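One structure is given here, and the rest of the page talks about it.
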Amino acid sequence: MTDDQRSGPPPVDDERATLNGFVQYQRDTLAMKCAGLSAEQLRERAVPPSPLSLLGLVRHMANVELGWFRNVVSGEEVRAYWPRGDGEGGEFDVDAADPEEAFRVWREACARSRAIVEAAESLDVTGRHHGETVSLRYILAHMIEEYARHNGHADFLRERIDGAVGE
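Shown next, in the form of structure tokens:
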């Protein structure tokens, strides 16, 4: 893996900056876990028959960013970048997936999410998810959990691919 270029979240700041800092740290961690690998390595499924791969995680997180921030917070009705169904395996069907496209879409989704959070009046802004009202505060905390869980998967995938370990 490449050198750790991540910036940690602020140790003393307000709630919004702290939550945003932790989400961004987790985004940067996923990028770091994928750095320096070939397209073939990014597509590698480390634990068959699971479809889980690093590239699949990047595509999944692009869909998660879109779902929570654009659809839930902004109230848009945007279809997932890589939907499941329609005869396709969705985000984890990476056999023919283009890593450059996946990383571009993910980075754009993250940038859009950051802009939505920045534009929100407060962390008390709400949206609807599966019929339930959720706050932006909840969504940011959930995103930390979502990325952290998948970054744990990424740790194992990366170690299996080339032996690289660490945070």
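Its first residue numbered 1, the sequence shown is counted upward by one per residue in my numbering. We treat Cβ as the ideally placed atom computed from N, Cα and C, and that holds for glycine. All values reported here derive from a predicted model rather than from experimental measurement.
Beta-carbon proximity list for residue i, same chain, < 7 angstroms, skipping 5 on both sides
| i | result |
| --- | --- |
| residue 153 | 52, 57 |
| residue 109 | 62, 65, 66 |
| residue 78 | 66, 70, 71 |
Residues near residue i by beta carbon distance below 6 angstroms, same chain, minus five either side
| i | result |
| --- | --- |
| residue 139 | 68 |
| residue 157 | 46, 54 |
Whole-angstrom distance between residue j and residue i, CA atom to CA atom
| i | j | result |
| --- | --- | --- |
| residue 61 | residue 13 | 26 angstroms |
| residue 96 | residue 34 | 18 angstroms |
| residue 132 | residue 114 | 23 angstroms |
| residue 128 | residue 134 | 6 angstroms |
Unbroken alpha helix (DSSP H) run spanning residue i, endpoints
| i | result |
| --- | --- |
| residue 142 | 136–162 |
| residue 99 | 99–119 |
| residue 59 | 54–65 |
8 angstroms CB neighbourhood of residue i in its chain, flanking five on each side removed
| i | result |
| --- | --- |
| residue 161 | 37, 41, 44, 46, 54 |
| residue 151 | 26, 29, 30, 33 |
| residue 144 | 19, 22, 23, 26 |
Cross-strand partners of residue i (DSSP beta bridge)
| i | result |
| --- | --- |
| residue 132 | 129 |
Quiz prompt | Three or more C-beta pairs below 8 angstroms linking the segment 27–44 and the segment 90–104 | solution = Taking a contact to require three or more Cβ pairs closer than 8 angstroms, the segment 27–44 and the segment 90–104 qualify as touching.
Practice problem: Please confirm if the segment 69–86 is in contact with the segment 18–38, defined as three or more CB-CB distances below 8 angstroms between the two stretches. | Solution: no
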